[in-house]
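Asker: Mind having a look at this structure? Questions to follow.
In the numbering used here, the protein residues as written are 2 to 591.
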């Protein structure tokens, strides 16, 4: 596996080397296009039609110009052997018809090419979200901060740009081939020389480009580091402001930003310089060809006027090919990184389970152990049973393993040894959806989404009507305070909107857990940062649930633990139960 640091935002992994060979770049692009390859082939076919029409139009324009300069009343189209003539007005009308047809065909061609990149980005972002959110919590905790944001944001956009450039290159190549075919018909000898000149320039360009080629992985590596550090700075924004650390944080980031800018600048110089060198070199070679032709085959000079227009147009497509390939090569490391990240996430998927349960009676831990790192167990040989309707308290010092125990109970973590049994069924065999439907969870740090109060209580779970939302809020002791808000349950809250107090946010989280009428309610220190009044309201809500819902409460304060039927202490990764007589004194000591 790729080595990473845990949570610090410092990604020390290496971006997988991405081949910059033309074949590999095209192959990677086609893999991202996937099921939309028929759309790419349709775009290429349409580009051939457009190229043929454009070739005829350029020949018409050249013939009209020759006729006007020679004060002739007729326009000759095609090679001398056809002897096809039109009067000047008819030739102009024919040219206008071709131009109008090209404008009409531009619409479906543009739609086809745009659909390739947009559909690829939609598939990529959907897959990224599914892979990340479907991976295990243990694996996500080992990843740098901001990974999901970077995948869905920067990486998906880079891949979309790569697909767009691949489509542009395919269309440009098809139109270039069509123009070359038209040139061969118009003036065979001169066209062969022109094609030879273009190929010679392309070969020289390829050699120079390979010699001066920059490492396209460097900007990717630096950008990954920047994203991790920025995510870390955003998470610690309050501390940074409190200690007035904006200056040092910015200076630390500036070094990475400068490296990224310098690496990208070198790539931009290459992208700007090489096409210009190619274009001017090709024009120079063609002028040499014309000079030679004037001395050797002066009879074919008459076909050089349309050929000159075709050459200039061809150089435009060649520039587009160069630009597209350069951009696709620049994006190659991002596509390689996407595949690497998604493969790793898929390999560490959270066990889905296959068994569906309708109720929860007893939960038993049988000699359960768990370690974040080999040889350093966070929990050791945990053995206890939770009965139906019991209220269980779990206390212990910080870092003793309480939250790890909660993670095992919520099916967010899987035991390293032993088993968690639910009515005799191993917890990992129960489907994640079935378990989530029966278990409610109130984390230590409750968070709000940007949305209405009702949206925050539902939390992406369809099927709950307004009456159920209000009922959950009443059970959490929050209904009256919600009704006092400007729009009641439709009031916008969360980041960028109205804020709620700490106690209100925590009780909203309890309402969020209760809306599904869970059989088991797990609360991880829900009152640790609340005032006495908010804690009393939460205690009253829990008292109303006691006996009907199994409650597992991780807490420090004795007032909260006092309502529990049994209290366990976690210390140094081991669990022991307090006797009824001394549990409150131990809880006070904790």
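Virtual Cβ for every residue (Gly too), placed ideally from N, Cα, C.
Fair warning: this is a prediction, and the values are worked out from it, not measured in the lab.
Can you name, in chain order, every residue of its own chain whose Cβ lies under 6 Å from the Cβ of residue 538, other than the five neighbours on each side?
Answerer: Within the same chain, residue 538 has close Cβ partners 478.
Asker: Just the Cα atoms here: how many angstroms apart are residue 141 and residue 133?
Answerer: Going from the Cα of residue 141 to the Cα of residue 133 covers about 8 Å.
Asker: Could you give the uninterrupted runs of the alpha helix (DSSP H) lying entirely in the region 471 to 553, keeping only those of 4 residues or more?
Answerer: Segments of the alpha helix (DSSP H) lying fully in the region 471 to 553: 480 to 484, 503 to 515, 533 to 546.
Asker: Based on the DSSP output, what are the partners of residue 386 in its beta bridges?
Answerer: Paired residues: 365.
Asker: Please classify residue 310 as buried or exposed, where buried requires at least 16 other C-beta atoms within 10 Å of its C-beta.
Answerer: Buried, because 16 or more other Cβ atoms sit within 10 Å of the Cβ of residue 310.
Asker: Which same chain residues end up closer than 8 Å to residue 495 when comparing Cβ atoms and leaving out the 5 residues on each side of it in sequence?
Answerer: Cβ neighbours of residue 495 beyond the five flanking positions: 449, 450, 451, 452, 457.
Asker: According to DSSP, simplified to helix, strand and coil, what is residue 5?
Answerer: Bear in mind that a pLDDT of 37 at residue 5, under 50, signals an unreliable position, so the model cannot answer this.
Asker: Between the alpha carbons of residue 556 and residue 571, how many angstroms are there, rounded?
Answerer: The alpha-carbon atoms of residue 556 and residue 571 are separated by roughly 11 Å.
Asker: Could you check which residue in 378, 420, 344, 412 has the C-alpha nearest to that of residue 402?
Answerer: The option with the nearest alpha carbon to residue 402 is 378.
Asker: Evaluate residue 256 with the Cβ neighbour count: other Cβ atoms within 10 Å of its Cβ, from every protein chain shown; 16 or more gives buried, anything less gives exposed.
Answerer: That one is exposed.
Asker: Taking C-beta to C-beta, are residue 329 and residue 167 nearer than 8 Å?
Answerer: In contact: residue 329 and residue 167 (Cβ atoms closer than 8 Å).
Asker: If residue 1 sits next to residue 163, beta carbons under 8 Å apart, how far is it from one beta carbon to the other, in whole angstroms?
Answerer: Residue 1 is absent from the model: the chain starts at 2 and stops at 591.
Asker: Any idea if residue 144 is buried or exposed, counting beta-carbon neighbours within 10 angstroms, 16 or more meaning buried?
Answerer: That one is buried.
Asker: With distances taken Cα to Cα, identify the nearest neighbour of residue 356 among 469, 426, 320.
Answerer: Per the Cα distances, 426.
Asker: Measure how close the beta-carbons of residue 353 and residue 389 come, nearest whole angstrom, since I'm counting them as under 8 Å.
Answerer: In fact, because the Cβ distance is near 26 Å, the residues do not count as touching under 8 Å.
Asker: Could you tell me if residue 408 is buried or exposed, where buried requires 16 or more neighbouring beta carbons within 10 angstroms of its beta carbon?
Answerer: The residue in question, residue 408, is buried, as its Cβ has 16 or more Cβ neighbours within 10 Å.
Asker: Distance, Cα to Cα, residue 474 vs residue 533?
Answerer: Roughly 20 Å between the two C-alpha positions.
Asker: Here's the rule I'm using: 16 or more other beta-carbon atoms within 10 Å means buried, otherwise exposed. How should residue 259 be labelled?
Answerer: The residue in question, residue 259, is exposed, as its Cβ has fewer than 16 Cβ neighbours within 10 Å.
Asker: When you compare only the Cα positions, how much space is there between residue 432 and residue 387?
Answerer: Whole-angstrom Cα-Cα distance: 20 Å.
Asker: Could you give the DSSP three-state label for residue 578: helix, strand or coil?
Answerer: It is a strand residue.
Asker: State the beta-bridge partners of residue 136 as determined by DSSP.
Answerer: DSSP output for residue 136 lists 350 as bridge partner(s).
Asker: Is the Cβ-Cβ distance between residue 542 and residue 511 less than 8 Å?
Answerer: Their beta carbons are under 8 Å apart, which means residue 542 touches residue 511 by this criterion.
Asker: With distance defined between alpha-carbon atoms, name the residue in 104, 98, 137, 128 nearest to residue 62.
Answerer: Of 104, 98, 137, 128, the residue nearest in Cα terms is 98.
Asker: Excluding the 5 residues preceding and the 5 following residue 114 in the sequence, name in chain order all residues of the same chain whose CB lies nearer than 6 Å to its CB.
Answerer: Around residue 114: 44, 168.
Asker: For the region 364 to 374 against the region 409 to 416, are there 3 or more C-beta pairs whose distance is under 8 Å?
Answerer: With a cut-off of 8 Å, the region 409 to 416 and the region 364 to 374 count as touching, because enough Cβ pairs lie within range.
Asker: Consult DSSP for residue 591 and reduce its assignment to one of helix, strand or coil.
Answerer: Residue placement at residue 591 is flagged as unreliable, the pLDDT there being 45, under the threshold of 50; the coordinate-derived value follows with that caveat. Residue 591: coil per DSSP, three-state reduction.
Asker: Skipping 5 residues on each side, what residues in its chain have a beta carbon closer than 7 Å to that of residue 492?
Answerer: 453, 454, 486, 499, listed in sequence order.
Asker: Quick check on DSSP: helix, strand or coil for residue 359?
Answerer: Of the three classes helix, strand and coil, the one that applies to residue 359 here is coil, per DSSP.
Asker: Short check: CB of residue 312 to CB of residue 195, under 8 Å?
Answerer: For residue 312 and residue 195, yes; Cβs fall inside 8 Å.
Asker: Does DSSP classify residue 378 as helix, strand or coil?
Answerer: In this structure, residue 378 counts as strand in the three-state DSSP scheme.
Asker: Residues in its own chain within less than 8 Å of residue 254 by CB, not counting five upstream and five downstream?
Answerer: Only 227, 230, 231, 234 meet the Cβ criterion.
Asker: By DSSP, does residue 394 sit in helix, in strand, or in coil?
Answerer: In this structure, residue 394 counts as strand in the three-state DSSP scheme.
Asker: For residue 350 versus residue 116, is the C-beta spacing smaller than 8 Å?
Answerer: Their beta carbons are not under 8 Å apart, which means residue 350 does not touch residue 116 by this criterion.
Asker: State the start and end residues of the unbroken beta strand (DSSP E) segment that holds residue 422.
Answerer: 418 to 423 is the extent of the beta strand (DSSP E) around residue 422.
Asker: On the CB-based measure, 16 or more other CB atoms within 10 Å of its CB, does residue 96 come out buried or exposed?
Answerer: With 16 or more Cβ atoms within 10 Å of its Cβ, residue 96 is classed as buried.
Asker: Can the beta-carbon of residue 47 be found closer than 8 Å to that of residue 171?
Answerer: Against a cut-off of 8 Å, the Cβ pair of residue 171 and residue 47 comes out as no contact.
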